[in-house]
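Comments concern the structure below.
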Amino acid sequence: MTGRPEDGQLGAYLKDRRARLDPAALGFPAERRRTPGLRREEVAQRAGISATWYTWLEQGRGGAPSAQALERIAAALVLAPAERENLFLLALGRPPQARYRRNDSVTPRLQRVLDALDPAPALIRTAAWDVLAWNRAATVMLSDFAAAAPQDRNLLRSLFLDPRRRDAYLNWEHVARFVVGAFRIEAARAGASEDIAPLVEELSRASPEFAALWRESPVPGHAEAVKQIRHPVLGLVSFEYSVFAVDARPDLSLLVYNPATADDAAAIAAALKAAP
Numbered sequence: 084m085t086g087r088p089e090d091g092q093l094g095a096y097l098k099d100r101r102a103r104l105d106p107a108a109l110g111f112p113a114e115r116r117r118t119p120g121l122r123r124e125e126v127a128q129r130a131g132i133s134a135t136w137y138t139w140l141e142q143g144r145g146g147a148p149s150a151q152a153l154e155r156i157a158a159a160l161v162l163a164p165a166e167r168e169n170l171f172l173l174a175l176g177r178p179p180q181a182r183y184r185r186n187d188s189v190t191p192r193l194q195r196v197l198d199a200l201d202p203a204p205a206l207i208r209t210a211a212w213d214v215l216a217w218n219r220a221a222t223v224m225l226s227d228f229a230a231a232a233p234q235d236r237n238l239l240r241s242l243f244l245d246p247r248r249r250d251a252y253l254n255w256e257h258v259a260r261f262v263v264g265a266f267r268i269e270a271a272r273a274g275a276s277e278d279i280a281p282l283v284e285e286l287s288r289a290s291p292e293f294a295a296l297w298r299e300s301p302v303p304g305h306a307e308a309v310k311q312i313r314h315p316v317l318g319l320v321s322f323e324y325s326v327f328a329v330d331a332r333p334d335l336s337l338l339v340y341n342p343a344t345a346d347d348a349a350a351i352a353a354a355l356k357a358a359p
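See below:
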């Protein structure tokens, strides 16, 4: 370290996170301690690094840590994704590289966000475009995701392999072109390029349209757009479609289909009321 203001902030951050840990829960003796949490040498032991070097890091001395050392320290301190990102920002002035983490669930907090968005259909998808969570409006207006097997909740599969989804979009070719470009970029951003390879291979074999678009590598437009979807009961419904990042989860995206007009919103609200 070189005495930058960030060095003191980094040391304080590490000390604070260290103090929050329960030694007994991590396999260390639970005898009386002068201060709460783990000792510096215990953090160093868990991280597989020198206790002296870790002490210097907390004190703002020594050389700049490597990304690999920070990853080990983040694991040793049991940092949440947002805390890990903050550690990198304080130590290196940049966030950590994207690391795709396959996760088949969302937090209750995210589910409450989705539910609060009714009557706008909303869902959470992974970088592989698997739908993990959705609200009631998404069930009524888009698809009954709960009735589908997990592997059948992939938006790419439904768009290119399900004739019903193809018929639902007023301009399927435009939507497909946008989707393939966005899919490629989001997977790369989340560090999931290798993880999506089996899906790309599957879709390339099953759908000539997908294969052609994947070879072409189309560039998507803006993440906000107006989409028109044919609903079997309501007919043509217009949505302002937006994609949002999920805090500290580069592998997840929040999709919101906001009714484009007051009439569209009223029709969806009526459909939600009538649905079982």
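First residue of the sequence shown: 84, per our numbering; consecutive thereafter.
Where a beta carbon is used, it is the ideal one built from N, C-alpha and C, also for glycine.
Between residue 309 and residue 343, the gap from beta carbon to beta carbon is short of 9 Å.
Counting only runs of 3+ residues, the beta strand (DSSP E) found wholly inside the region 199-280 occupies 205-209, 214-217, in chain order. Residue 206 and residue 279 have their alpha carbons spaced roughly 20 Å apart. Segment contact: the region 165-177 against the region 91-101, three or more CB-CB distances shorter than 8 Å; contact assigned. In the DSSP assignment, residue 293 falls within the unbroken alpha helix (DSSP H) covering 291-299. The region 323-349 is shown to contain no whole alpha helix (DSSP H) run of 4 or more residues.
The Cβ atoms of residue 153 and residue 174 sit closer than 9 Å to each other. Residue 220 is positioned such that its CB atom lies no closer than 9 Å to that of residue 270. DSSP links residue 310 through a beta bridge to 322. Excluding sequence positions up to five before and after residue 134, its CB lies within less than 8 Å of the CB of 123, 124, 127, 128, all in the same chain and listed in chain order. For residue 142, the closest C-alpha among the options 341, 117, 96, 359 is that of 96. Every alpha helix (DSSP H) stretch that sits fully inside the region 109-158 and reaches 4 residues is listed by chain position as 123-130, 134-142. Secondary structure note for residue 172: its alpha helix (DSSP H) is the uninterrupted segment 164-175. Between the C-alpha atoms of residue 225 and residue 294 there is a straight-line separation of about 25 Å.
Secondary structure at residue 105: coil, using DSSP grouped into helix, strand and coil. In chain order, 207, 215, 216 place their CB closer than 7 Å to the CB of residue 189, counting only its own chain and leaving out the 5 sequence neighbours on each side. In this structure, the straight-line span from the alpha carbon of residue 296 to that of residue 204 is close to 27 Å.
Per DSSP, reduced to three states, the secondary structure at residue 352 is helical. Sequence-distant Cβ neighbours of residue 156 in its own chain, meaning closer than 6 Å and more than five residues away, are 130. The shortest CA-to-CA distance from residue 137 to any of 93, 114, 106 is the one to 93. A straight-line Cα-Cα distance of about 37 Å links residue 235 and residue 171.
By the Cβ-count criterion, residue 300 is exposed, with fewer than 16 other Cβ atoms from all chains shown falling within 10 Å of its own Cβ.
Sequence-distant Cβ neighbours of residue 247 in its own chain, meaning closer than 6 Å and more than five residues away, do not exist here. The alpha-carbon of residue 179 is positioned some 10 Å away from that of residue 151. Within its own chain, the residues whose Cβ lies closer than 6 Å to the Cβ of residue 327, once the five positions on either side in sequence are excluded, are 337, listed in chain order. A direct Cα-to-Cα measurement between residue 228 and residue 110 gives close to 42 Å. Cα atoms of residue 201 and residue 255: separation of roughly 25 Å, rounded to the nearest angstrom.
The three-state secondary structure of residue 92, taken from DSSP, is helix.
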